[in-house]
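These notes concern the structure reproduced below.
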Amino acid sequence: MWEARGDFRASADSGKPPYTIVIPPPNVTGILHMGHALNNTLQDVLIRYHRMKGREALWMPGTDHAGIATQNVVEKQLAKEGKRKEDLGREKFTERLWQWRQQYGSTIINQLKKLGASCDWERTRFTMDESYSEAVNEVFLRLYRKGLIYRGNYIINWCPRCRTALSDEEAAHKELDGWLYHIKYPVRAKGQDGRNKEQEKYITVATTRPETMLGDTAVAVNPGDARYRWLKDAEVILPVLNRKLPVIEDDAVDPDFGTGVVKVTPAHDPADFLMGKTHGLDSINIMHEDAVLNENAGPFAGKDRFTARKELLARLKEEGLLAKKESYQVSAGRCYRCDTIIEPRLSLQWFVRMKPLSEPAVEVVTREKVRFYPDRWKKVYLNWMENIQDWCISRQIWWGHRIPVWYCQECINTQSEATGKRQDKGDESQRGVIAAKEKPEKCPDCGGTKLIQDPDVLDTWFSSWLWPFATFGWPFSREQESPIHDQQKELQFFYPTNTLVTGSEILFFWVARMIMAGLEFQQNIPFSDVVIHGTVRDEKGIKMSKSLGNVIDPLEIIEKFGADALRFSLMMLAASGSDVFLSDEKFLVGRNFCNKIWNAARFLLGKIEEEGIELCDLSCHCDGAADEWILREMNGAIEAVETNIESYRYNEAAKSIYEFFWHQYCDWYVEIAKVHFSPARAKIVILVLLNSLKLLHPFIPFLTEKIYQLIREQLGSLIRRRIIREPWPQKLSGEWDRGRKRDMEQLLDTIREIRNIKSDLGMGNKKVSLEVTAGEARDVWEENLDWIKKLAFIEHIEFRDGLKRTLYKGPRWILNIAEGDTDFSTYLATLKKKVANLEKVVQKSAKMLRNERFLHNAPPEAVEKERLKHGQLSGQLTRLKELKNAFE
RNA sequence: GGGCGCAUAGCUCAGUUGGUGAGAGCGCUACGUUGACAUCGUAGAGGUCAGAGGUUCGAAUCCUCUUGCGCCCACCA
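Under the working numbering, the first residue of the first sequence is numbered 2, with each subsequent residue one higher.
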């Protein structure tokens with residue numbers, strides 16, 4: 002119904018102020034997991050709330066092509082047929098990828114619909130849509146022309162399984178138990194002798210990755226390290242390969258770590274690479290793309306890196322060159338897609354210069370144009386931004402946006418680039434490199450026509466960072482007709498978006514980069530509020546993941562309890578950005594509550610029908626203390642839900658409405674209303690029900706809409722349309738009678754006490770007779786007699802002066818239960834306990850009020866509050882003591 | 001190495017700028033089927049708010065330190 006009526010649609014022409022959220026696009030390969038359920042419920046609550054609040058609420062949906070992840074999935078599928086992607090070739094394989102996306106790409110979208118996500122589905126975008134790809138190319142070209150994109154040979158994170166470069170963020174560092182190997186390199190003295198003592202025939206280096214020594218081109222010591230001054234005049238021999246290694250001095254070497262001597266492997270370690278650059282060392286790449294050692298590795302060529310490590314160590318040991326190995330916590334980068342250990346690798350890649358982009362992005366957060374919720378993430382963000390490194394954006398895979406750069410074969414041949422070992426040559430190397438959206442006809446440098454496009458594709462995040470504006474069709478080409486013009490208007494209307502809701506794990510990947518892209522390409526922030534929610538974990542606190550088998554499938558929960566129960570439970574648990582620990586029984590909260598709502602509504606509608614009540618309007622007539630009370634409570638609930646949603650305290654918002662609906666409305670007011678179900682009462686009952694449903698709707702959309710429609714069927718003329726499009730409830734303003742508020746509070750307290758007393762006297766389930774001395778407050782009793790009797794489970798109430806005995810003393814009335822002399826021991830024990838507790842509190846309060854410094858320093862209203870409290874409590878204490886004394 | 005977070009009832013967690021007799025859900029105990037709901041109702045037990053100092057008239061809340069967990073970042077050979 003919602004979809005058919007276009008309830009999720011948003012347009013720039015409505016005249017309402019916009020409220021926009023762009024969805025964190027799930028991977029096309031994704032299937033809905035609890036993280037999605039949490040993330041999207043949080044967004045849907047905001048969207049539904051603001052829609053009801055009169056905003057033009059747009060929730061922009063879509064999916065991400067997820068380069069490596071998707072390619073892996075299809076590669077696996079292919080493997081089942083016994084084929085590799087190379088067997089198909091690039092074109093056929095890409096076709097296959099599109100087929101896959103055609104077939105399965107909307108799976109997660111459909112699952113989001115099951116969750117109740119009210120996205121404007123007609124706008125669903127995909128990061129590889131034609132117009133979106135246009136944005137990616139545009140951005141590449143703009144940055145390239147600005148000199149912010151460059152190509153060069155650097156050490157990058159290489160995944161030998163995916164066979165592609167990764168960005169620093171995509172290489173997650175994890176510690177594991179490993180070894181630090183101490184390896185002896187022979188030293189040959191040069192020139193003089195005599196100083197070269199026996200123990201100086203070797204120097205010892207320490208390494209965690211011994212196989213990389215095959216690519217060593219130097220050893221390094223700290224220039225201030227006196228122990229190794231003699232080495233300067235010596236020559237170090239690389240074991241196994243017997244290569245001569247120069248000894249260099251570099252401040253980067255920590256004399257206190259290991260032996261103070263470092264092997265230098267410029268092609269396989271970022272720190273060594275820098276040293277190599279400063280000292281003009283050669284770089285020797287010893288590995289193929291799949292981390293199998295190449296011809297440079299001598300006898301180990303053709304072996305996998307870890308096999309080579311083992312065999313090399315064995316050989317060193319044999320030759321007496323393995324001094325020792327000590328256990329060591331090794332921190333190794335892992336591919337975030339397949340968990341393979343990253344190999345730092347020297348290769349020619351494309352990079353984005355980040356510093357110029359990060360500066361404005363730091364400023365908008367510092368100046369709170371963009372705010373984080375909870376705000377501690379601000380610090381994390383700024384810390385990363387201020388230490389930002391250049392971003393490696395080229396990927397050696399086939400699924401993604403092809404880098405819009407062509408190489409002129411003729412120019413390149415003259416530059417001998419074909420070897421692939423080209424060093425960074427600065428501007429000169431740009432000759433024959435053409436960045437363009439379309440394939441150029443000829444090389445602008447030499448006029449050659451043999452142009453070949455860069456085989457690489459761009460990092461997935463290089464498209465994701467444009468999401469808040471590329472989804473609106475940016476960039477807009479001038480010559481295009483009106484539909485495009487609309488898009489431009491829409492971008493203007495809906496951008497910047499309002500709230501971004503995401504998990505902390507993609508803060509750097511995505512959030513930070515979106516802020517940079519927004520500022521660079523739209524000259525404006527992409528969103529003003531960033532809500533960071535926690536990670537979904539199992540009951541032991543372990544992150545849920547399919548490979549660990551500890552997932553709770555949201556679709557199963559939906560099947561079992563309903564999407565509403567799932568959503569509400571998650572919202573109750575989603576406290577201010579802390580991690581969410583889940584187990585099956587945690588969803589009972591939501592299920593039970595939904596059930597309660599359903600039963601209450603069903604009962605009330607049935608009751609109205611049964612009583613033959615015709616409601617022609619919903620104006621309220623308060624008949625008594627209870628009516629005013631529930632309307633006041635409702636006002637409180639409206640306000641609490643509003644302020645809590647607006648400050649992203651979802652759990653507080655959910656709790657407010659839960660507490661109000663169940664424990665005020667159902668437990669008390671509905672029970673009271675049952676007693677005298679007059680048409681006036683029915684009006685209030687229905688009004689509060691309708692408003693409650695509205696307050697609940699952002700959390701519990703399906704059930705509230707269903708009940709709303711049932712109410713509509715029955716009371717059609719009173720309400721219109723669908724709850725999803727109804728305006729948010731207004732607080733009732735009225736002439737509230739303060740006396741009635743006090744009456745109600747005292748009556749509720751009295752009823753609770755009667756229940757307690759009956760329980761203490763062992764007559765919990767008996768209908769009893771009550772004797773009341775109420776004096777001037779008798780009217781209060783008379784007016785509310787019916788429901789008091791019902792709720793306190795009393796057969797008969799008799800008003801009289803002078804009770805035989807007193808079991809309850811209130812501020813304005815005293816009570817006795819007429820039934821015979823039962824055992825009073827429990828009752829007395831309860832009284833004693835109460836007296837003791839209250840005495841402590843009263844004493845503490847009295848002490849405060851005697852404290853001069855409190856009276857002077859505390860704000861007057863705090864003192865006044867304390868006085869009031871003391872007055873009430875000491876009155877209560879006096880009454881309790883009187884009761885106690887009478888029974889002792 | 002740097003940074004952040006968490007420690008509150010048996011369990012899972014709330015507690016917004018310091019002013020509460022420290023709360024909820026689940027579990028537990030007793031009673032209950034009173035004309036929506038046992039996926040329920042009524043009542044109850046259960047807490048030196050991790051520990052030690054400090055600031056304050058007043059601290060679960062702010063500061064310092066300690067202990068125990070968890071997370072993030074870093075060119076820790």
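Glycine residues also receive a C-beta, built at the ideal position from the N, C-alpha and C atoms. Computed from a predicted structure; not experimentally measured.
### Message
With a threshold of 6 Å on Cβ separation, who are the neighbours of Cys623 within its own chain once the five nearest residues in sequence on each side are excluded?
### Response
Once the five neighbours on either side are set aside, the close Cβ partners of Cys623 are Glu629.
### Under 8 Å between C-beta atoms of Val263 and Val220
Yes.
### Query
Under 8 Å, do His183 and Lys311 count as touching if we go by C-beta distance?
No, these two residues do not count as a Cβ contact at 8 Å.
### Task
Spell out the partners DSSP gives Phe1 in its beta bridges.
Lying outside 2 to 889, the shown extent of the chain, residue 1 is not represented and no answer is given.
### Task
Please classify Val29: does DSSP put it in a helix, a strand, or coil?
coil
### Task
Go to His871, then tell me how far its alpha helix (DSSP H) extends in each direction, as first and last residue.
Start and end: 861 to 888.
### Task
Within the region 195 to 277, note down every full beta strand (DSSP E) run reaching 3 residues or more, in order along the chain.
203 to 208, 219 to 222, 235 to 239, 244 to 246, 248 to 250, 262 to 265, all fully within the region 195 to 277.
### Query
Residue ranges of each beta strand (DSSP E) run of no fewer than 3 residues wholly in the region 514 to 560, ordered along the chain?
528 to 534, 537 to 539
### Query
Does the beta-carbon distance from Leu792 to Val502 come in below 8 Å?
no
#### Entry: Three-way DSSP call (helix, strand, coil) for Pro19 in this model
strand
### Task
Please specify which runs of the beta strand (DSSP E), each continuous and at least 3 residues long, are wholly inside the region 73 to 153, giving them in chain order.
Counting only runs of 3 or more, we get nothing.
### Message
Going by DSSP, what residue range makes up the beta strand (DSSP E) through His797?
### Response
795 to 800
### Neighbour-count burial assignment, Trp99, 16 or more Cβ in a 10 Å radius
exposed
### Message
Check whether the region 649 to 656 and the region 563 to 574 touch, using three or more Cβ-Cβ pairs below 8 Å as the test.
### Response
yes
### Query
Roughly how many whole angstroms lie between the Cα atoms of Lys202 and Pro375?
60 Å
### Query
Less than 8 Å separating the beta-carbons of Leu149 and Arg396?
no
### Query
Over what stretch of residues does the beta strand (DSSP E) that includes Pro345 continue unbroken?
344 to 353
### Task
Compare the beta carbon distance of Gly55 and Ala173 with 8 Å and say whether it is the shorter of the two.
Against a cut-off of 8 Å, the Cβ pair of Ala173 and Gly55 comes out as no contact.
### Buried or exposed (CB count within 10 angstroms, at least 16 for buried), Arg456
Note on residue identity: the sequence assigns Pro, not Arg, to residue 456. The residue is exposed, with fewer than 16 neighbouring Cβ atoms inside 10 Å.
### Message
Counting C-beta neighbours from all protein chains within 10 Å, is the total for Glu76 16 or more, i.e. buried, or is it exposed?
### Response
buried
### Task
Check each candidate in Lys544, Arg85, Glu853, Val686 and name the one with the smallest Cα separation from Ile614.
Val686
### Task
State the Cα-Cα distance for the pair Glu171 and Tyr337, rounded to the nearest angstrom.
Their Cα atoms are separated by approximately 5 Å.
### Task
Assuming Gly68 contacts Thr461 (C-beta within less than 8 Å), just tell me the rounded distance between them.
4 Å
### Message
For the region 7 to 24 against the region 494 to 510, do three or more pairs of beta-carbon atoms, one drawn from each stretch, fall closer than 8 Å, so that the two count as touching?
### Response
yes
### Message
By the DSSP assignment, the alpha helix (DSSP H) with Leu839 in it spans what residues?
### Response
826 to 851
### Message
Measuring only the C-alpha atoms, how far is Gln489 from Val140?
### Response
17 Å
### Message
Closest to Tyr155 by C-alpha separation, out of Leu786, Thr71, Phe352, would be which residue?
### Response
The shortest C-alpha to C-alpha distance from Tyr155 to any of Leu786, Thr71, Phe352 is the one to Phe352.
### Query
Buried or exposed: which applies to Lys684, given that a residue is buried once 16 or more other Cβ atoms fall within 10 Å of its Cβ?
buried
### Query
Which residues bound the beta strand (DSSP E) around Ile815?
815 to 818
### Query
To the nearest angstrom, how far is it from the Cα of Leu690 to the Cα of Tyr709?
9 Å
### Integer Cβ distance of Leu239 from Tyr186, believed to fall under 8 Å
7 Å
### Task
Would you tell me roughly how many angstroms separate the C-alpha atoms of Gln665 and Phe477, rounded to the nearest one?
55 Å
### Under the three-state DSSP convention, the category Glu736 falls into
coil
### Query
Alpha carbon to alpha carbon, how far is His269 from Ala227?
Their backbone Cα atoms lie some 28 Å apart in a straight line.
### Task
Decide if His857 is buried, meaning its Cβ has at least 16 other Cβ atoms within 10 Å, or exposed.
exposed
### Query
Lys422 by DSSP, collapsed to three states: which one?
Caution is warranted here: a pLDDT of 39 is assigned to Lys422, below 50, making its placement in the model unreliable, and the coordinate value is therefore given only provisionally. The answer is coil: DSSP assigns Lys422 none of H, G, I, E or B.
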